[in-house]
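Numbering (the numbering used here), first residue to last: -11 to 782.
We put the CB at the ideal spot given by N, CA and C, even for glycine.
This structure is a prediction, so every number in the text was calculated from the model and none was measured.
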Amino acid sequence: MLGSKMQRSSHGSMKSSLSLRSSSKSFQAKMDKMSEHLYDIVKSGSMVKRAQNKKRFTPVNYKHRWFELTKRTFCYYDVENVERRRERGRINLKGVRLVEEATVSGEGGDPFAPDGYPFQVGYCETTSTTAAQQQAAEQQHLGEGQHLVGRAVPQYTLYVIANSAKERSEWIRAIRQVCEDSNTPKSYRYHPGLWSGKKWSCCKGQARSTFGCRAAAHWREANNNPSNGSSPAQNSTRSISPNNSTTNSQFSLQHNSSGSLGGSGVGCVGVGGGIAVGVSGVGAGLNSSNGVGGGGGNCTPTSLQPQSSLTTFKQSPTLLNGNGVLLDANMPGGIPTPGTPNSKAKDNSHFVKLVVALYPFKAIEGGDLSLEKNAEYEVIDDSQEHWWKVKDAVGNVGYIPSNYVKPKALLGLERYEWYVGDMSRQRAESLLKQGDKEGCFVVRKSSTKGLYTLSLHTKVPQSHVKHYHIKQNARGEYYLSEKHCCETIPDLINYHRHNSGGLACRLKSSPCDRPVPPTAGLSHDKWEIHPMELMLMEELGSGQFGVVRRGKWRGSIDTAVKMMKEGTMSEDDFIEEAKVMTKLQHPNLVQLYGVCSKHRPIYIVTEYMKHGSLLNYLRRHENTLIGNMGLLLDMCIQVSKGMAYLERHNYIHRDLAARNCLVGSENVVKVADFGLARYVLDDQYTSSGGTKFPIKWAPPEVLNYTRFSSKSDVWAYGVLMWEIFTCGKMPYGRLKNTEVVERVQRGIILEKPKSCAKEIYEVMKKCWSHGPEERPSFRVLKEQLALVAQTLTD
């Protein structure tokens, strides 16, 4: 009995102890999570995340997330109005194995990937695994008698799409810097491309477990050399071109006369579940044909040397450490090939970034280089955002506009005349109706994210445009009619050129003579324009700034020239601002080419928009536009895209209104005169306190405290939407400015336009929320309106 009681007591105390221990662990876990934010947030921001698909049959999708990097974790959250919401996932930085640029679109990639600048974080969740266990697991991957060269791909890969190349570089460096303190990374390998379900897009390896085809950068070295820190070219396969700012996620390989792979370190291509490895030290001579000794790597690209199994190499004592891990000479412990100084590395073949011209470009200024459409060019210097230095096939070198080319590795449907990218349904209809040709067609990104749409003009039974979603079956084939499936979209288009196959008619031609985009400035590093270079033509209009005339720069490029009235603006301040404004570039912003500031009056030279101001366009075409809600909504969406770009670059417009937007060919709407309101000297823009702003487009915080922000632009955008849906009516009618101020302060908003759907008016009202923090961002507005457009057109 006593023993039984003691046993029960013992069991009870054990249960109590276990319960306490469990409770303690739970409490500790909660405390750990709560104390996470005791650590400083190293970096945060909104980017797009690709689904990780840890489960086999989960769909691939892309979603905006709010990312936070702390000293312990890399977390991502739901995001609303650029604010963090519920946590969706986190990566323990102790498990991170590599951080590199990635290629998610282009040939073999994901055709539904959004535009942006992707990078990848490779990590393992089982951080308790010892180095020996990890190595043993990876060695087992190779099989008996084969040597481990580098490490396998990490357990999971998170793909993130940044908003700019600069932002991507900053994130990569920040994550590496934090990981450097807690991790001792080995020579992990990675795939710069995507797994498509059948093969890797980068090396065509046909097994998901295929070893990475590229060696990851060593964090400490990458962080000590910031210019190279974000480029996969700076992995153990280091670029030795004169300019190391190029991005290897977009590289193709160039060979020397011996067929050796250029660059230093490791050249590796994964194919059919295996890899072919060439080993060399930094600066090693590439004239060796044995592939290993003497520092030569005779590694051949996939397309030239297919492999069906792993290629093994004898262990090189100078290049492999005791763990069988490949060492780069630039890494700690790496040994350069004897007798081959690093300084001679530049004489060898090297990785190059190849781009393809999407548009022709005629060089006029000295130092620029002409582009021929569809021709390839080698990038020498892409350190500037808008103008790159390139070399053509015959060796000519010069600057070209970066928005006229696309990296060859990322080139997808852009190479085809019939692809128009982000063009909306309404603009596609307008474009196809202009030619009035049977069978005229375009392929565009659908309003449904991740899909493409074929828009086709037909005259049966009467002239109209039909829209067909391009779908995919379970095998990844594309089709418009399930009976006719093709492996690629170009194959599908080619099929329907010869067979209607369920369409209203055969595909015959795509619209020709489409306009080329404007360049950021008229030439590389040129913002000051000499008046003698401009031929002034007819007057386009006049306003508070002065007269606007059409012009031609050097007889070739159409421009609009604002001839500023003397005394209408603070000239010196504006000239400084103009230098910055020429570098802002977006399809829905009127491009500022430059200024003539050496004489008076000052000329402001911008892109020419043939249909003039949006306000006048709305009033001229009221009879045809007032019933076309889809087209009016598309105008609003275009403006929101331009403003989202300004918002992302922390630029405030201060005078957003229909009069300051312009309409070009193909119904393109662009925001103009951004930032100019600060320099205007005009009573219409001046409050009683002397501050300059347009009263009828101003929110309460501007009227009361002159507090300008991106959210004050959002208020003005709501008024602009009202202008669009009333086809150019004056907000608040004939009320005086003082009466408008009183109404706004009392919370009285503009009434719903008759031609406006309830869903659209709800978005307008959000823009007119009294508190700036209650108003949505332009990025959110853009997405909300796109969703409304989708529901209204379905």
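Residue range of the alpha helix (DSSP H) that includes residue i
{"i": "Val768", "result": "Phe766 to Thr781"}
{"i": "Arg789", "result": "As shown, the chain starts at -11 and ends at 782. That puts residue 789 outside it, with no answer to give."}
{"i": "Tyr749", "result": "Lys746 to Cys755"}
{"i": "His472", "result": "Taken as a continuous stretch (DSSP letters only), His472 belongs to no alpha helix (DSSP H), being part of the beta strand (DSSP E) at His472 to Cys474."}
{"i": "Gly423", "result": "Arg413 to Gly423"}
{"i": "Leu468", "result": "Note, Leu468: premise wrong, no alpha helix (DSSP H); beta strand (DSSP E) at Tyr466 to Ser469."}
{"i": "Leu603", "result": "Leu602 to Arg608"}
{"i": "Ile481", "result": "Ile477 to His486"}
{"i": "Leu691", "result": "Pro688 to Tyr693"}
Continuous beta strand (DSSP E) stretch holding residue i: start and end
{"i": "Val583", "result": "Leu580 to Cys584"}
{"i": "Ala704", "result": "First-last for Ala704: Ser698 to Phe713, but that is the alpha helix (DSSP H), not the beta strand (DSSP E)."}
{"i": "Gly386", "result": "Val385 to Pro389"}
{"i": "Asp103", "result": "Unbroken run through Asp103: none, as it is neither H nor E."}
{"i": "Ile458", "result": "His452 to Gln460"}
{"i": "Glu89", "result": "Val84 to Glu89"}
{"i": "Ala632", "result": "Where Ala632 is concerned, there is no enclosing beta strand (DSSP E), although the alpha helix (DSSP H) it sits in stretches over Met617 to Arg636."}
{"i": "His52", "result": "Tyr50 to Leu57"}
{"i": "His792", "result": "The structure shown has nothing for residue 792, since the chain only spans -11 to 782."}
{"i": "Leu528", "result": "Leu522 to Ser530"}
{"i": "Leu342", "result": "Val340 to Ala345"}
{"i": "Glu426", "result": "It is not in any beta strand (DSSP E) - Glu426 carries neither H nor E in the DSSP assignment."}
Cβ pair residue i, residue j closer than 8 Å
{"i": "Lys498", "j": "Trp406", "result": "Before going on, a small fix: residue 498 reads as Ser here, not Lys. Closer than 8 Å, so yes."}
{"i": "Gly110", "j": "Tyr176", "result": "yes"}
{"i": "Leu468", "j": "Gly490", "result": "yes"}
{"i": "His637", "j": "Leu580", "result": "no"}
{"i": "Pro687", "j": "Asp643", "result": "no"}
{"i": "His35", "j": "Val148", "result": "The sequence given here places Met at residue 35; His does not occur at that position. Yes, the pair counts as a contact, with Cβ atoms nearer than the cut-off."}
{"i": "Cys649", "j": "Tyr705", "result": "no"}
{"i": "Leu794", "j": "Ile748", "result": "No information on residue 794 is available, as it lies outside the stretch -11 to 782 that the chain covers here."}
{"i": "Val659", "j": "Val651", "result": "no"}
{"i": "Ser511", "j": "Glu353", "result": "yes"}
{"i": "Leu182", "j": "Gln40", "result": "no"}
{"i": "Thr476", "j": "His455", "result": "no"}
{"i": "Tyr387", "j": "Asp356", "result": "yes"}
{"i": "Ala162", "j": "Val30", "result": "yes"}
{"i": "Glu75", "j": "Pro180", "result": "no"}
{"i": "Glu559", "j": "Ile590", "result": "yes"}
{"i": "Cys493", "j": "Thr446", "result": "yes"}
Inter-residue Cα distance where the pair is residue i and residue j
{"i": "Gly438", "j": "Gly104", "result": "14 Å"}
{"i": "Gln772", "j": "Met709", "result": "14 Å"}
{"i": "Ile640", "j": "Tyr720", "result": "24 Å"}
{"i": "Ala205", "j": "Pro142", "result": "14 Å"}
{"i": "Gln778", "j": "Gly534", "result": "41 Å"}
{"i": "Val751", "j": "Thr694", "result": "24 Å"}
{"i": "Asp187", "j": "Ala645", "result": "It should be noted that the sequence gives Lys, not Asp, for residue 187. Computed Cα separation, rounded: 50 Å."}
{"i": "Ser435", "j": "Thr781", "result": "10 Å"}
{"i": "His486", "j": "Gly464", "result": "23 Å"}
{"i": "Glu564", "j": "Gly509", "result": "15 Å"}
{"i": "Gly185", "j": "His472", "result": "22 Å"}
{"i": "Trp685", "j": "Lys379", "result": "49 Å"}
{"i": "Glu689", "j": "Thr91", "result": "44 Å"}
{"i": "Lys377", "j": "His758", "result": "49 Å"}
{"i": "Ala787", "j": "Phe766", "result": "In this structure the chain extends from -11 to 782, so residue 787 is not present and cannot be described."}
{"i": "Val343", "j": "Glu610", "result": "44 Å"}
{"i": "Ala153", "j": "Lys496", "result": "39 Å"}
For residue j and residue i, believed in contact at Cβ under 8 Å, the rounded distance
{"i": "Ser653", "j": "Lys598", "result": "6 Å"}
{"i": "Cys715", "j": "Arg588", "result": "With 8 Å as the limit, Cys715 and Arg588 do not qualify as a contact, their Cβ atoms being about 38 Å apart."}
{"i": "Thr547", "j": "Lys540", "result": "7 Å"}
{"i": "Pro503", "j": "Asn391", "result": "The Cβ separation is near 13 Å, so there is no contact."}
{"i": "Arg202", "j": "Tyr178", "result": "6 Å"}
{"i": "Lys360", "j": "Ala345", "result": "Note that residue 360 is Glu in the sequence shown here, rather than Lys. With a Cβ gap of about 6 Å, Glu360 and Ala345 count as contacting."}
{"i": "Ser443", "j": "Phe429", "result": "6 Å"}
{"i": "Phe662", "j": "Leu634", "result": "6 Å"}
{"i": "Arg793", "j": "Met520", "result": "Because residue 793 is not part of the residues shown, which for the chain are -11 to 782, the question remains open."}
{"i": "Ser743", "j": "Met623", "result": "Not confirmed; about 13 Å, so no contact."}
{"i": "Cys783", "j": "Gly83", "result": "A question about residue 783 goes unanswered here, because the residues of the chain that appear run from -11 up to 782."}
{"i": "Val67", "j": "Arg60", "result": "Actually they are not in contact, since the Cβ atoms of Val67 and Arg60 sit about 21 Å apart, beyond 8 Å."}
{"i": "Pro760", "j": "Lys699", "result": "4 Å"}
message: Any contact between the segment 387 to 401 and the segment 420 to 430? By contact I mean 3 or more CB pairs, one from each, below 8 Å.
response: no
query: Does the pairing of the segment 572 to 583 with the segment 616 to 636 give three or more beta-carbon distances under 8 Å?
result: yes
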